[in-house]
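Visitor: Submitted below is the structure of interest, expressed as structure tokens.
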Amino acid sequence: MNKEQVLDFLKDNKEEFSNKYQISALALFGSLARGDNTSDSDIDIAIETKLSDYFKLYDFKEELEKQFHSKVDVVRLREHMNPLLKSRIRSEGIYVR
């Protein structure tokens, strides 16, 4: 999938993800967002959620991988996390509105 297809899917399903996984914000970041992805690249998604149930978050990751037919890394934005990663997500992330 290309960047626009991923963003369209996230936008079209944002409300469902909010209800199902308590996700308040979604962003695409990493190589796909920057446009320097390759056929081996994964899809990096950042989320803001109050949900702390690891299994539910894993369900979200699996749902995306099934849809995108690609490996997906989901990063939960938190107050206390690697500051370099958080800064990178904030600067290059494409937030779904």
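Numbering (the numbering used here), first residue to last: 11 to 107. Glycine residues also receive a C-beta, built at the ideal position from the N, C-alpha and C atoms.
Round the Cβ separation of Gln15 and Leu61 to the nearest angstrom and send it over; I've been treating them as touching at under 8 angstroms.
Guide: One-based indexing of the sequence shown puts residue 15 at position 5. One-based indexing of the sequence shown puts residue 61 at position 51. Not really, about 26 angstroms apart at Cβ, beyond 8 angstroms.
Visitor: Return the CA-CA distance between Glu25 and Leu36, expressed in angstroms with no decimal places.
Guide: Taking the sequence shown and counting its residues from 1, the one referred to as residue 25 is at position 15. Taking the sequence shown and counting its residues from 1, the one referred to as residue 36 is at position 26. Distance between the alpha carbons of Glu25 and Leu36 is about 11 angstroms.
Visitor: Measure the C-alpha to C-alpha separation of Asn92 and Asp83 and round it to an integer number of angstroms.
Guide: The residue labelled residue 92 in the question sits at position 82 within the sequence shown. The residue labelled residue 83 in the question sits at position 73 within the sequence shown. Approximately 16 angstroms, taken between the alpha carbons.
Visitor: Here's the rule I'm using: 16 or more other beta-carbon atoms within 10 Å means buried, otherwise exposed. How should Gly40 be labelled?
Guide: Start at 1 with the first residue of the sequence shown, and residue 40 comes out as number 30. Counting Cβ neighbours within 10 Å, Gly40 comes out buried, since at least 16 surround it.
Visitor: With H, G and I counted as helix, E and B as strand and the rest as coil, what does DSSP make of Ser34?
Guide: As a working mapping, residue 34 is identified with position 24 in the sequence shown. Ser34: strand per DSSP, three-state reduction.
Visitor: Ordered along the chain, which non-local residues of its own chain (more than five positions away) have a Cβ less than 6 angstroms from that of Phe70?
Guide: One-based indexing of the sequence shown puts residue 70 at position 60. Cβ within range, chain order: Tyr31.
Visitor: Give me, in chain order, the residues of the same chain whose beta-carbon lies closer than 7 angstroms to that of Ala56; leave out the 5 immediate sequence neighbours on both sides.
Guide: Stepping through the sequence shown from its first residue, residue 56 is reached at position 46. Ala37, Phe39, Val85, Leu87, Ile99, Gly103, listed in sequence order.
Visitor: Quick one: is Val65 buried, meaning 16 or more other Cβ sit within 10 Å of its Cβ, or exposed?
Guide: For the purposes of this step, residue 65 is identified with residue 55 of the sequence shown, where counting begins at 1. Strictly speaking, residue 65 in this sequence is Phe, with Val absent from that position. With fewer than 16 Cβ atoms within 10 Å of its Cβ, Phe65 is classed as exposed.
Visitor: Taking the DSSP output, what are the residues bridged to Phe39?
Guide: Taking the first residue of the sequence shown as position 1, residue 39 is located at position 29. BP columns for Phe39 point to Asp54.
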